[in-house]
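Asks: Residues in the sequence shown are numbered from 9 upward in steps of one, following our numbering. Positions of the beta carbon are idealized from the N, C-alpha and C atoms, including for glycine.
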Amino acid sequence: MLMTTLMCGAMSVVMFSVYRSFRREVHGLGHWAAGLLLLVCSSLLFGTREVLPPALSLIAANAVLVAGIGLSMLGTEKFYGLAPSRRAYFLILVLSIAGSSWWLLVHPDFSARVAVFSLLVFLFYARQVQLVWHHGERHFSSFFFGALMLLQAVVVLARGVSAVLHGGASVNLTVTGTPAGIYLAVANFMALLLTVGFMTVATRRLQQILERRSTHDPLTQVLNRRGFGDAYAREIGNLRRRRLPLTLLSIDLDYFKSINDRYGHAVGDQVLAHVATVIKGALRESDCVARFGGEEFVVLMPDMPVHNALGVAERIRALLRESSHAGLPSCTVSIGVACQASVVEGLEELLSRADAALYLAKERGRDRIELDAAALTADRTMCAAGIGTVR
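(1) Taking CB distances under 8 Å as the criterion, tell me whether Val314 reaches chain C.
(2) Alpha carbon to alpha carbon, how far is Ala349 from Leu358?
(3) In angstroms with no decimal places, state the Cα-to-Cα distance between Phe54 and Gly154.
(4) Could you say which of Leu128, Ser222 and Ala241 lies nearest to Ala71 if we only look at CA atoms?
(5) Classify Glu353 as helix, strand or coil using the three-state DSSP reduction.
(6) If you follow the alpha helix (DSSP H) that Leu257 is part of, which residue opens it and which one closes it?
(7) List the DSSP bridge partners of Arg299.
(8) Excluding the 5 residues flanking Trp141 on each side, which residues of the same chain have their C-beta closer than 8 Å to its C-beta?
(9) Need the endpoints of the alpha helix (DSSP H) that Gly289 sits in, please.
(10) Give me the residue from Ala123, Glu85 and Thr84 with the minimum Cα distance to Leu103.
(11) Exposed or buried, Gly394, counting other C-beta atoms within 10 Å across all chains shown (16 or more means buried)?
(12) Applying the 10 Å Cβ sphere with the 16-neighbour rule, what's the burial state of Thr84?
(13) Can you name the residues that DSSP bridges to Leu359?
(14) Using the Cα positions of Arg299 and Asp277, report the straight-line distance between them to the nearest angstrom.
(15) Can you tell me whether Gln160 is buried or exposed, with buried defined as 16 or more other CB within 10 angstroms of its CB?
(16) In or out: Gln293 buried (at least 16 other Cβ within 10 Å) or exposed?
(17) May I ask you to report which of helix, strand or coil DSSP gives Leu379?
(18) Helix or strand or just coil, what does DSSP make of Ala123?
(19) Helix, strand or coil for Val341, going by three-state DSSP, please let me know.
(20) With contact counted as at least three CB pairs below 8 Å, one residue from each stretch, are the region 299-310 and the region 249-261 in contact?
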């Protein structure tokens with residue numbers, strides 16, 4: 009128990025450190041850190057029986073223990089984006105204090121006290137099993153955490169049932185015996201394993217967040233250059249295997265500098281986010297959009313012949329020209345369209361041809377769409393080679 013207490017204290021420090029660094033990205037870490045700290049306090053209170061009145065020490069230790077376990081439940085709820093069940097938490101805490109006081113001071117009954125305590129704590133663990141089952145990612149980290157939580161719930165419930173069926177002697181942890189020894193060993197071990205399990209799912213969540221940060225633009229939440237390069241690599245592989253056309257749009261906002269100069273960069277950022285939202289709304293799920301810096305966006309459309317891509321480009325241009333959002337200034341875009349010329353052509357070459365068409369749109373008055381000179385030829389060549397059918 010001493011080693012478990014020390015380890016819980018150390019894990020609380022680790023969890024709190026992670027919470028300080030990633031509180032906005034991963035929720036619930038603070039509750040788990042506080043819960044572990046309460047488990048340490050409960051162990052210390054349990055050890056004060058020789059100094060304080062035993063009844064007071066036991067009631068306080070049990071109350072703090074239930075509070076700590078309940079905080080882990082609240083933390084798990086926050087982790088999965090749910091509102092913490094504070095009413096249920098405080099209700100269970102009050103019932104545990106009332107039950108401990110009643111069956112310790114008014115009507116001493118160790119079996120009843122253990123049974124009620126076990127049932128109430130079981131509710132906390134069972135709730136977390138439910139959370140992992142319904143909201144957890146289908147990944148090893150969630151399976152690991154959920155299995156540990158289920159095992160702990162079963163162990164706690166088994167102790168309560170044993171107290172009811174076989175009396176208090178079978179679950180008295182202060183009496184040396186096989187059942188008590190097994191329960192103590194499992195309980196102490198699980199206190200640490202559950203923390204490790206939660207850290208596993210939290211680390212998985214943090215990994216996903218960091219990966220998204222590395223592939224997405226933080227302002228517009230669309231892909232950045234790196235993410236777009238990864239998407240292109242996947243689609244060019246599909247093009248080689250499935251023989252489908254691949255079209256690219258190069259989109260640039262017209263006179264965006266004047267928007268920044270007139271309304272300020274904060275409004276300019278809102279305009280960029282709005283433009284990204286409009287572009288995404290005009291695309292299919294299989295298409296992807298990226299911000300290449302400044303006011304330039306690039307759209308990749310697999311299985312999209314050129315004439316269909318022109319229709320999408322026109323829809324984007326019309327939506328942005330005709331709509332504004334939340335009082336934002338309206339804006340127009342110039343768009344260049346290019347089609348993958350062959351399976352050996354690289355991304356830079358495709359981007360270069362789309363940019364050339366974009367610059368042509370700028371030169372011819374902006375707020376228009378221009379097609380790369382080789383796009384139709386490329387589209388016909390790809391189709392003739394069996395890479396897609398014009399629809």
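Replies: Working from what's here:
(1) Of the protein chains in the structure, only one exists, and it is not chain C.
(2) One-based indexing of the sequence shown puts residue 349 at position 341. One-based indexing of the sequence shown puts residue 358 at position 350. Distance between the alpha carbons of Ala349 and Leu358: 8 Å.
(3) In the sequence shown, residue 54 corresponds to position 46, counting from 1. In the sequence shown, residue 154 corresponds to position 146, counting from 1. Whole-angstrom Cα-Cα distance: 29 Å.
(4) Translated into positions along the sequence shown, residue 71 becomes position 63. The candidate whose alpha carbon is nearest that of Ala71 is Leu128.
(5) Sequence index remark: in the sequence shown, residue 353 carries index 345 (1-based). Correct three-state label for Glu353: coil.
(6) Reading the sequence shown from its first residue, position 249 is the one you call residue 257. Leu257 -> not in any alpha helix (DSSP H); beta strand (DSSP E) instead, spanning Leu254 to Leu261.
(7) Indexing the sequence shown from 1 puts residue 299 at position 291. Per DSSP, Phe305.
(8) Sequence index remark: in the sequence shown, residue 141 carries index 133 (1-based). The residues are Gly154.
(9) Position 281 of the sequence shown, counted from the start, is the residue given in the question as residue 289. Unbroken alpha helix (DSSP H) run through Gly289: His273 to Gly289.
(10) Taking the first residue of the sequence shown as 1, we reach residue 103 at position 95. Of Ala123, Glu85 and Thr84, the residue nearest in Cα terms is Ala123.
(11) Locating residue 394 in the sequence shown gives position 386, where the first residue counts as 1. Bear in mind that a pLDDT of 42 at Gly394, under 50, signals an unreliable position, so the number given afterwards is only what the model happens to contain. Gly394 comes out exposed.
(12) Locating residue 84 in the sequence shown gives position 76, counting from the first residue. It counts as buried.
(13) By one-based count along the sequence shown, residue 359 stands at place 351. DSSP output for Leu359 lists no bridge partner at all.
(14) Residue mapping note: residue 299 aligns to position 291 of the sequence shown, counting from 1. Residue mapping note: residue 277 aligns to position 269 of the sequence shown, counting from 1. Taking the straight line joining both Cα atoms gives about 12 Å.
(15) Residue numbering aside, residue 160 sits at position 152 when the sequence shown is read from its first letter. By the neighbour-count rule (16 or more Cβ atoms within 10 Å), Gln160 is buried.
(16) Along the sequence shown, read from residue 1 onward, the residue named residue 293 stands at position 285. First, the residue type needs correcting, since residue 293 is Glu and not Gln in the sequence shown. With fewer than 16 other Cβ atoms within 10 Å, it is exposed.
(17) As a first step, residue 379 must be located in the sequence shown, where it is residue number 371. Three-state DSSP puts Leu379 in a strand.
(18) For the purposes of this step, residue 123 is identified with residue 115 of the sequence shown, where counting begins at 1. The answer is helix: DSSP assigns Ala123 an H, G or I state.
(19) Taking the first residue of the sequence shown as position 1, residue 341 is located at position 333. Strand, per DSSP.
(20) yes
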